[in-house]
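Residue numbers (this note's numbering): 21 to 178. Here is the structure we will look at.
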């Protein structure tokens with residue numbers, strides 16, 4: 021697959037879908053075949069903290085011992101990458117690829133993340149806005165299938 025990089029010009033094609041404690045989920049509304057039917061999970065950072073704060077090493081000493089034989093887990097530089105690799109190299113083989121969607125990491129520019137932050141600001145619940153914002157220092161986001169849409173229509177299941 022060609023390495024995808026999302027830049028400032030691409031931000032307008034992503035709309036707010038929802039969020040959890042760690043990520044904002046954006047749905048794609050553009051026409052690029054690489055992104056149709058996909059969502060993008062963008063990392064957040066608490067407003068009262070720093071993007072650099074609490075950035076522990078990706079794996080503890082004990083975790084390194086447990087996962088030393090699993091894919092490239094030990095070479096992961098961040099917890100986000102460890103979590104992605106865990107889903108891909110551990111959970112997907114155990115449960116089957118039809119049940120686990122590890123997604124694909126895509127590169128994002130700071131300008132893309134800044135535009136996304138501005139674009140979703142008034143779509144987010146105020147208490148979420150007060151608590152966290154898009155982490156503009158991350159250089160990647162997680163691209164996944166949008167499991168809220170049915171590619172063949174809902175009638176295909178009944």
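Ideal Cβ placement from N, Cα and C applies to all residues, glycine included.
Asked                                                                                                                                                        : Found
Under 9 Å, do residue 39 and residue 144 count as touching if we go by C-beta distance?                                                                      : yes
Quick test of your reading: residue 67 and residue 148, contact by CB under 8 Å. State the CB separation rounded to the nearest angstrom.                    : About 10 Å separates the two Cβ atoms, so there is no contact after all.
From the DSSP secondary-structure annotation, give me the bridge partner or partners of residue 38.                                                          : 45
Can you list the alpha helix (DSSP H) stretches of 4 or more residues lying completely in the stretch 77 to 142, in chain order?                             : 81 to 87, 99 to 106, 112 to 115, 130 to 140
Hey, could you find the ends of the beta strand (DSSP E) residue 184 is sitting in?                                                                          : The first residue shown for the chain is 21 and the last is 178, placing residue 184 beyond what the model contains.
Checking the sheet assignment: what are the DSSP bridge partners for residue 153?                                                                            : 65
Per DSSP, residue 26 is paired with what?                                                                                                                    : 128
Provide the residue(s) that pair with residue 165 in DSSP beta bridges, ordered along the chain.                                                             : 58
CA-CA distance, residue 82 and residue 33?                                                                                                                   : 42 Å
Quick one: grab the DSSP three-state call for residue 146.                                                                                                   : helix
Work out the CA separation of residue 88 and residue 55 for me, nearest whole Å.                                                                             : 34 Å
If contacts are defined as beta-carbon pairs under 8 Å, then residue 129 and residue 27 qualify, I think. What distance do you get, rounded to the angstrom? : 5 Å
Check the C-beta distance from residue 35 over to residue 46 and give it rounded, since I have them as a contact under 8 Å.                                  : 6 Å
For residue 157 and residue 142, I'd like the C-alpha separation in whole angstroms.                                                                         : 21 Å
Assign residue 104 to buried or exposed, taking buried as 16 or more other Cβ atoms, counted over all protein chains shown, within 10 Å of its Cβ.           : buried
If you compare alpha carbons, which of 61, 109, 31 is closest to residue 166?                                                                                : 61
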